[in-house]
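Worksheet for the structure shown next.
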Amino acid sequence: MNMYAYIIRRLLYVIPVLLGVCLVIFVLFNLVAPDPAFILLGKHATQQQIAELHHELGMDKPFFVQYLDTVKTAFTFDFGYSWASKQNIWQMIKAGAGPSLSVTGPLFVISNIVAISIALLVAFYRGKFIDKFFLILSIAGMSIPSLAVVLFGQWFFAFKLGWFEISGYENGFPDFIPYVILPVILYVFISFGGDTRFYRTVILDEAYQDYVRTARSKGLSELKVMFKHVLKNSMIPILTQIIIQIPYLILGLIFAESFFSIPGLGAMTINAINNSDFPVIKAMTILSAVAFILFGVITDVLYTVVDPRMKLK
Amino acid sequence: MRNIFTTVVLLLSAVLLSSGCTKKQDVNEKVLNLVSPAEIKGYDPIQADDLYSGREISKIYEGLLQYHWLKMPYELVPNLAESMPEISKDGITYTFKIRKGVKFQDDAAFPGGKGRELTAQDFVYSIKRLADSKNQATGWWVLDGKLAGLNEWREKNGKLPASNYDEEVEGIKALDNYTLQFKLAKKFPQFMYSLAMPFTYVVAKEVVAKYGKEFINHPVGTGPYVLPIFDQGKKITYTKNPTFREKLYPSDASPELKHLLGDAGKRLPLVDKVVVHVMKETQPAWLKLNKGEIDYYSVPKDNFASAIKDNKLTPDLAKKGFILEIAPALDVTYTAFNFENKLFHNKKLRQAMYLAFDEKKSNELFYNNTAFPAQSIIPPGIAGNIKDYLNPYKGLKLEEAKKMLAEAGYPEGKGLPELKYDIPDSTVSRQSGEFFQQQMAQIGVKIKIVTSPWPEFQAKVKKKAVEIYGLAWGADYPDAENFLQLFYGPNKSPGANGSNYDNPEFNKQFEDAVVMQDSPERTAKYEKLNKFLAEEVVAMFGVHRQSYILEHGWLKNYHPTDLHHDAVQYLNIDTAKKAELLKNF
Chain H
0 MNMYAYIIRR LLYVIPVLLG VCLVIFVLFN LVAPDPAFIL LGKHATQQQI
50 AELHHELGMD KPFFVQYLDT VKTAFTFDFG YSWASKQNIW QMIKAGAGPS
100 LSVTGPLFVI SNIVAISIAL LVAFYRGKFI DKFFLILSIA GMSIPSLAVV
150 LFGQWFFAFK LGWFEISGYE NGFPDFIPYV ILPVILYVFI SFGGDTRFYR
200 TVILDEAYQD YVRTARSKGL SELKVMFKHV LKNSMIPILT QIIIQIPYLI
250 LGLIFAESFF SIPGLGAMTI NAINNSDFPV IKAMTILSAV AFILFGVITD
300 VLYTVVDPRM KLK
Chain G
0 MRNIFTTVVL LLSAVLLSSG CTKKQDVNEK VLNLVSPAEI KGYDPIQADD
50 LYSGREISKI YEGLLQYHWL KMPYELVPNL AESMPEISKD GITYTFKIRK
100 GVKFQDDAAF PGGKGRELTA QDFVYSIKRL ADSKNQATGW WVLDGKLAGL
150 NEWREKNGKL PASNYDEEVE GIKALDNYTL QFKLAKKFPQ FMYSLAMPFT
200 YVVAKEVVAK YGKEFINHPV GTGPYVLPIF DQGKKITYTK NPTFREKLYP
250 SDASPELKHL LGDAGKRLPL VDKVVVHVMK ETQPAWLKLN KGEIDYYSVP
300 KDNFASAIKD NKLTPDLAKK GFILEIAPAL DVTYTAFNFE NKLFHNKKLR
350 QAMYLAFDEK KSNELFYNNT AFPAQSIIPP GIAGNIKDYL NPYKGLKLEE
400 AKKMLAEAGY PEGKGLPELK YDIPDSTVSR QSGEFFQQQM AQIGVKIKIV
450 TSPWPEFQAK VKKKAVEIYG LAWGADYPDA ENFLQLFYGP NKSPGANGSN
500 YDNPEFNKQF EDAVVMQDSP ERTAKYEKLN KFLAEEVVAM FGVHRQSYIL
550 EHGWLKNYHP TDLHHDAVQY LNIDTAKKAE LLKNF
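From first to last, the protein sequence lines are chains H and G.
According to numbering that gives the first Met the number 0, numbering within the first sequence proceeds without interruption in unit steps and concludes at 312.
According to numbering that gives the first Met the number 0, numbering within the second sequence proceeds without interruption in unit steps and concludes at 584.
So this is what it looks like as structure tokens:
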């Protein structure tokens, strides 16, 4: 099948997915989420004010009309204004994307490089001391709650040793750098265990294949076998694992942003949930859904590049 | 390939070296570093219904009146008003003279970008803006039903596509550029307090018109600091307003605050820059305080034991020059009964439950034993609180509680249905819910804990969908009316009376008391009402909390306060002392 036709067909899936997403967020907002009027109007709100606000926000329209409004938003990407901050939502996203990416970008690159390199190393030395050492380190990384890592990291590295900023953020390059180093390091450690174990398993699966034995019997060096054959052939699950992380880069790190006072999209989303700020919740959910679909398509296309045996159907 | 790798590593190293891993503080700069433990909702005075937004708004906007910085109990003094108002004999008409020469901050909304002079018309506009139902102001309650003709204006204009701000309202008139007159719908002496609240701060019509919906993020006031734009970030930086009028640090003080007169007569504000760090998590804020990066912070619950022993600072902190400030808050915590449920009309049941509750243990568990037991609803520091009064139904008296429960018709809790106890879903609320459950179990009262996120919890109270619930109330202004109204019948849910208590006799006495000017007679009436509510056990009053705040030795003029939203302009930094003390960190 022609690659372009495949891409177009996959992109068309966006339509039913977005309709479904709209339905889910609409139902959740109307059935589960608390009434935003009580948050927006404060402790002295009267019944009349609540009714007026419902009218202003369009919450007194029939459900079907409200659902259509949500669908319209999803397909036009016109998210409007936040109910809580009254800011234009696209401006809020633009302002939050930079701080989020300044943490998630380096974290994504470093954590994957570290995890793949160590996975290759431990696969190469499987069963030896170095493999066992990283196994223990990985299990420790996976077992310690991320909250404990962050609390200890802030206290020890930033407060006791004074190597990094405790929290905060400055906009602009390179001003933001001192504020993102510590969260990046701590989150590399937090994600290290799971990622390394996953990549090690993938690489070892490949390392026991017949063609690897053939390569070795031909007299190729272990380095060449690992990098040229094993790594290349392990790329399908590695690519999937890497690309699936990309939409999360855009969404930001909710917990880290709160602890390190980083004004990113994660913190913005959490605020919106706390304030029942439906337009912002809607915008972030729709953008996430679209990002997942887009990166799913990119992953499929990349499969054919790294493995010519793969065909797009 | 190797060359590319080397170049990338070198470039990264250069960037890291040039930016550094930490930023150095400039100790010679007079900068205040403060913490806001909650997100700021924006800078529209009419929406300033939370303490933290109120504090930020007050750095930029001002009102007619303010609380004297160095007087306790709280005392109203003129701010944008030239003097205190002239009040007509019938207590209905208040006439203010506006201070001349006050300028709005420079902004593109004004011709040539230069802020114009403040006039009485600006107050008329700002009050109407608060009343305009299209603005959905959270602060409307302060004037609801208070000014002659304003509710009618609100109702009429609410139905129009655009509100008519030129239409005259009897209750608020600009007699000339510098004379403003309020006419009340009925006597209400607490009206004066509303003029010191952020809701009634003055805004300029041109600025509202220019920024429209985004006015909330473009603050332009007459106050001591400027903030060109609010971007909802985690760090808000204010700079001194270059056109701020000549306003001086007070030269008189209450005896307990006389030590803060060091800057008397100096021009305000005293520091050049204020940086507010929005930090919801307590650990990073506590670490920043201990590193000297913020100037004061409330001691977090989890750090209390390591910072304070016997109401004194630990030697470690004292050595670093920290000062501990302990101040009672104007608040009360309480467990409310919903009187819509006939079960709670049984006074003996309410009294039995109160007698079974161990408030000493509760204070120890949830407040590190730092709070005052609340004998009634009005906190100390507000006229109407009865000094040395002991509520006969407060404190653990199990045998008496059991006897009372039997008299209520439920011996050992038999025949009493399981009662739902609603609380917000935070960890501490959950713990306090479980404690309440244990306490009631001692006399056979079964409690089911129901947790909900805070907005949903609020919604349930407003919809009367609760049986018993726990809450705290902080003063909006220092008058007993603000507390007693929580049990005033016409304020039933969705109003502030979430208990839905409605006693015609209490309502009448309340109405009589609140229209009186501050006087010994009014205080006596407030005390009577206060005692009545306490002994009726309309709610199980818990504690009046205290603030434990740690400030650095270099911070000058600070004292903890609940109602001085505009405190920052009085604070100062001793830069030499800061440089000296920081050597110990």
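Yeah, the Cβ is synthetic: ideal placement off N, Cα and C, and Gly gets one too.
Exposed or buried, what is residue i when buried is set at 16 or more other beta-carbons lying within 10 Å of its beta-carbon?
i      : result
L286/G : buried
Y192/G : buried
A538/G : buried
V542/G : buried
A373/G : buried
E510/G : exposed
L79/G  : buried
A471/G : exposed
T426/G : exposed
H54/H  : exposed
A288/H : buried
V123/G : buried
M2/H   : exposed
I307/G : buried
Can you tell which of the options has its C-alpha closest to the C-alpha of residue i?
i      : options                         : result
F190/G : L75/G, H551/G and G443/G        : L75/G
H217/G : I228/G, A208/G and G211/G       : I228/G
I24/H  : V296/H, D306/H and A282/H       : A282/H
N29/H  : P61/H, L18/H, P177/H and I180/H : P61/H
N274/H : M2/H, A139/H, L40/H and L11/H   : L40/H
D131/G : T268/H, Y186/H, L52/H and G19/H : L52/H
D561/G : E535/G, S297/G and A400/G       : S297/G
V270/G : A119/G, P241/G and A37/G        : P241/G
Can you list, in chain order, the residues of its chain with a C-beta nearer than 6 Å to that of residue i? Leave out the 5 residues immediately preceding and following it.
i      : result
I115/H : Y198
M0/G   : Because M0/G carries a pLDDT of 46, less than 50, the predicted location of this residue cannot be relied on, and the following value inherits that uncertainty. Here the set comprises nothing.
Y178/H : E164, G167 and Y168
A73/H  : L17, C21 and I285
K461/G : S492 and P493
Counting only beta-carbon separations shorter than 8 Å, does residue i have a partner in chain G?
i      : result
I7/H   : no
D34/H  : yes
Q244/H : no
P61/H  : no
S145/H : no
L264/H : no
Y190/H : Inspection of the sequence shows that residue 190/H is occupied by Ser rather than by Tyr. No, S190/H does not count as interfacial toward chain G.
N270/H : yes
Y168/H : yes
I38/H  : yes
What residues in its chain sit with their C-beta under 7 Å from that of residue i, if we drop five residues either side in the sequence?
i      : result
G57/H  : Q65 and D68
M403/G : K347, Q350, A351 and L354
I272/H : I280
M439/G : M352, A355 and I446
With a CB to CB cut of under 8 Å and the five nearest residues on each side skipped, what residues in its chain are close to residue i?
i      : result
L22/H  : Y66
W152/G : K127, A130, E166 and V168
I want to see whether chain H comes within less than 8 Å of residue i, judged by CB atoms only; does it?
i      : result
Q568/G : no
Q374/G : no
F198/G : no
Q516/G : no
P452/G : yes
Q437/G : no
V30/G  : no
G469/G : no
E455/G : yes
Is residue i a contact residue of the ligand NAD, with contact defined as CB to any heavy atom under 7 Å?
i      : result
G488/G : Inclusion of the ligand NAD in the displayed structure is not the case, the ligand content being empty and no account of it being possible.
Mind listing which residues of the segment 149-163 of chain G have their C-beta closer than 8 Å to chain H's C-betas, in chain order? G157
Determine which residues of the segment 215-226 of chain G have a Cβ less than 7 Å from any Cβ of chain H, and write them out in chain order. I215 and N216
What residues from the segment 274-288 of chain G come within 7 Å of chain H, judged by C-beta to C-beta, listed N to C? H276, V277, M278, K279, E280, Q282, P283, L286 and K287
Which residues of the segment 71-96 of chain H have a Cβ closer than 8 Å to any Cβ of chain G? Give them in chain order. Y80, A83, S84, K85, Q86, N87, M91 and A94
Identify each residue in the segment 81-114 of chain G for which the Cβ-Cβ distance to at least one residue of chain H is less than 9 Å, and report them in chain order. none
By the 9 Å beta-carbon criterion, what residues does the segment 230-261 of chain H contribute toward chain G? E256, S257, F258, F259, S260 and I261
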